[in-house]
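J.: One structure, pasted below without further comment.
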Amino acid sequence: MNDSPDRQVRVRAAPAPSGSLHVGNVRTFLYNWLHARHTGGKFVLRIEDTDTSRFTEEAYAAVLEDLKWLRLEWDEGPEVEGPHAPYRQSQRTQLHVDAAERLLSVGAAYRCYCTKEELEERRARARAEGRRPGYDGRCFRLTDTEQQAFEAEGRPSTVRVHIPDEGEIVFEDRVIGPVTTQLEQIDDFAILRSDGAPLYHLAVVVDDGLMEITDVIRGDDLLSNTPKQILLHSALGNPIPTFAHLPQVLGPDRKPLSKRHGSTSIADFREAGYLEDALVNFLALLGWGTAEDTILSREELISRFDVADVHPSPAMFDTKKLDWMNGEYIRLLDEQELTRRVLPFYANAGLVREPLSDEDRQKVDAATPLIQTRIRRLDEAPALVRGLFLRVEMDPAAAAKAFAPEHVPELLQAAIETLGALDPWTKESVEAALRGLAEERQLKPRTAFAPFYVAISGSTVSAPVFDLMTLIGKQECLERLRRALEACGH
RNA sequence: GCCCCCAUCGACCAGCGGCCUAGGUCACCACCCUUUCAAGGUGGUAACACGGGUUCGAAUCCCGUUGGGGGCACCA
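1015 is the number that our numbering gives the last residue of the first sequence; the numbers go up by one with no jumps.
Printed below as a string of structure tokens:
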């Protein structure tokens, strides 16, 4: 637990905006959010957009949109602001540069005049000789006269922090456990580019310090770099935050989840008809969980979550389980809400056009209970009720199978006659009529009704056919049955 | 190459020295229910990577091996 009485928990999410968020990053943000809510702390959103060549305003907007959709609301950050504004790293460079100057003035950092080419060449050589390819610290050993000479010739310089060769740095990671690093493994890394721009580690540490971040929860790709950041924090006189490194989220091939595994962005999942609560529930359980329960509300997640319980081993993103869980959440929705959510999918599939006509409105409402137990994703809904809105083509394979039995033409003919005379046209009367026909012919329901599914829905994967027929109306049903009869070869 | 991290059913989680003949969930299989498809119900298959220790006792602690992942940038 981190409910240390002396300071309120402050965590942050620090996305580099490159478009819609990757689900792996979302899990990291979710854990931060859960930790903040669980401890009654603050969740800060800081956008790490320092590499201006890579980040666009659209990408930035997409990040905020994703977080809002997931309802991972932030207490400080863009739009809501707060005492540590600005919350976009690109607007904080002066702060970072000032910190670098301070490190320079106290001798914790020094200027390095090595060129990129020199460094690359030395790195390549080190690798070839089996040595660690980091910086060898030679500019730290520059004499004053050598340095003045470089300055006089106007040679550009980066700023590096000096790391002692001896000693070790130990920190207690809340998911990994104690982590020890020998200082000889850490090179004098750069904190300012030769054009004066601050580098990642500097920016993170300065901002985490200024924003009084107490608990850093992030991906374990930063685990090996954490000692560097601890060193920087100390050099800057910051309190050292606690760290929790989350293992990677894996794809089905056990490789880190990436675009080549297909959909990985929140936008993709939203468009496929996943519900935000299902995604949150599912992601929360990737790397953390309880023994018995899997469907957990946000409140339950918040009260049970503890970073210390997070698995140190990587977890695979299992779409099958997500689909199941999403289906559970769809069934939890009330009909009105589900209707509201599937409507865009109907429109997108060309079944209806907004604003809805009265007739379509009625059909859309009536369709909801028919699809609710039949879909796992919202985008599966249109296929089940296409026949409700359109005179759909009959699926050739389904038709071939359903119309093959010898009794089918006669059955369809009888149905056309019986239904043609049916009054009133209600679900009960339609069902009774068709069941009657099946019984007279001693047909089992499943074989008897297959032709009707194909005739009305175009397929045997469909919402229940009696409901559809009732909603479609007598005349249209008769039309489709006649069409089916013709397709049988009559 | 060097350093660091990880290792329970196919997947996610439970297990934190005896309650384990290893539990739950997804997936899978079978059966039931059923107008198709689902949903629902019942049951089932299935795992402690390997090898050494420590201990009366190990899935649980330690060490190796193997296998995965990450880091070693004037990227973030």
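Every residue gets a Cβ at the ideal spot worked out from N, C-alpha and C, and that includes glycine.
Bear in mind the structure is a predicted one, so any value in this text is a computation, not a measurement.
Starting from the N-terminal side, write out each stretch of the alpha helix (DSSP H) that is 4 residues or longer and does not extend beyond the segment 566-595.
T.: 582-594
J.: Under 8 Å between the Cβ atoms of R537 and L570?
T.: Working through the first sequence from its first residue, we reach residue 537 at position 12. Working through the first sequence from its first residue, we reach residue 570 at position 45. Yes, the Cβ-Cβ distance between R537 and L570 is below 8 Å.
J.: For L717, write down the residues that DSSP places opposite it in a beta bridge.
T.: Reading the first sequence from its first residue, position 192 is the one you call residue 717. DSSP lists V684 and P723 as partners of L717.
J.: To the nearest whole angstrom, what separates the beta carbons of P542 and F580, a pair I think is in contact under 8 Å?
T.: Taking the first sequence and counting its residues from 1, the one referred to as residue 542 is at position 17. Taking the first sequence and counting its residues from 1, the one referred to as residue 580 is at position 55. Between the beta-carbon of P542 and that of F580 there is about 5 Å, and that keeps the pair under the 8 Å contact cut.
J.: Per DSSP, what kind of secondary structure is Q754 in: helix, strand or coil?
T.: Residue 754 sits at position 229 when you count from the first residue of the first sequence. Q754 falls in the helix class under three-state DSSP.
J.: Can the beta-carbon of K753 be found less than 8 Å from the beta-carbon of H770?
T.: Position 228 of the first sequence, counting from 1, holds the residue named residue 753. Position 245 of the first sequence, counting from 1, holds the residue named residue 770. Contact flag unset, no.
J.: Mind listing, in chain order, the continuous beta strand (DSSP E) runs of no fewer than 3 residues lying wholly within the segment 762-837?
T.: Listed in chain order, the complete beta strand (DSSP E) runs (minimum 3 residues) inside the segment 762-837 are 767-771.
J.: Please state the DSSP three-state secondary structure of Q707.
T.: Within the first sequence, residue 707 is the residue found at index 182, counting from 1. Of the three classes helix, strand and coil, the one that applies to Q707 here is strand, per DSSP.
J.: What is the DSSP secondary structure of F696, counted as helix, strand or coil?
T.: If you number the first sequence from 1, residue 696 lands on position 171. Strand at F696.
J.: Considering only C-alpha positions, which residue in the set D600, W558, L555 and H547 is nearest to A584?
T.: Residue mapping note: residue 584 aligns to position 59 of the first sequence, counting from 1. If we check each option's Cα against that of A584, H547 comes out closest.
J.: Hey, is the segment 949-961 in contact with the segment 880-892, meaning 3+ C-beta pairs nearer than 8 Å?
T.: no
J.: Let me confirm a value: N873 is counted as buried when at least 16 other C-beta atoms fall within 10 Å, else exposed. Which label applies?
T.: Taking the first residue of the first sequence as position 1, residue 873 is located at position 348. Taking all protein chains in view, the Cβ of N873 is surrounded by fewer than 16 other Cβ atoms within 10 Å, so the residue is classified as exposed.
J.: Can the beta-carbon of I791 be found closer than 8 Å to that of D591?
T.: To locate residue 791, count along the first sequence from 1; it is residue 266. To locate residue 591, count along the first sequence from 1; it is residue 66. A contact, by the Cβ cut-off of 8 Å.
J.: For D802, which residues from the same chain have a beta carbon less than 6 Å from its beta carbon, with the 5 sequence-adjacent residues on both sides left out?
T.: Residue mapping note: residue 802 aligns to position 277 of the first sequence, counting from 1. Here the set comprises Y854.
J.: May I ask which residues mark the beginning and end of the alpha helix (DSSP H) holding G1014?
T.: Taking the first residue of the first sequence as 1, we reach residue 1014 at position 489. No alpha helix (DSSP H) contains G1014, which DSSP labels as neither H nor E.
J.: Please list, in chain order, all residues of the same chain as E862 whose beta carbon is under 6 Å from its beta carbon, the five residues on each side excluded.
T.: Numbered from its first residue, the first sequence carries residue 862 at position 337. Cβ within range, chain order: n/a, list empty.
J.: Can you tell me whether DSSP reads V536 as helix, strand or coil?
T.: Here residue 536 refers to the residue found at position 11 when the first sequence is read from its first residue. Three-state DSSP puts V536 in a strand.
J.: Under a three-way DSSP split, which group does V986 fall into?
T.: For the purposes of this step, residue 986 is identified with residue 461 of the first sequence, where counting begins at 1. It is coil, neither helix nor strand.
J.: State the DSSP-derived secondary structure class of M841, mapped to helix, strand or coil.
T.: In the first sequence, counting from the first residue as 1, residue 841 sits at position 316. Strand at M841.
J.: In angstroms with no decimal places, state the Cα-to-Cα distance between A833 and T668.
T.: Residue 833 sits at position 308 when you count from the first residue of the first sequence. Residue 668 sits at position 143 when you count from the first residue of the first sequence. Taking the straight line from one Cα to the other gives about 49 Å.
J.: Let me check understanding here. Comparing Cα to Cα, which of R878, P603 and G679 lies closest to T640?
T.: For the purposes of this step, residue 640 is identified with residue 115 of the first sequence, where counting begins at 1. Of the candidates R878, P603 and G679, the one whose C-alpha sits nearest the C-alpha of T640 is G679.
J.: Express the C-alpha separation of A892 and H758 in angstroms, rounding to a whole number.
T.: If you number the first sequence from 1, residue 758 lands on position 233. If you number the first sequence from 1, residue 892 lands on position 367. Using only the alpha carbons, I get a separation of about 59 Å.
J.: For the putative contact between F974 and V986, defined by C-beta atoms under 8 Å, what is the C-beta separation to the nearest angstrom?
T.: Within the first sequence, residue 974 is the residue found at index 449, counting from 1. Within the first sequence, residue 986 is the residue found at index 461, counting from 1. At roughly 13 Å, the Cβ-Cβ gap does not stay under 8 Å, so F974 and V986 are not in contact.
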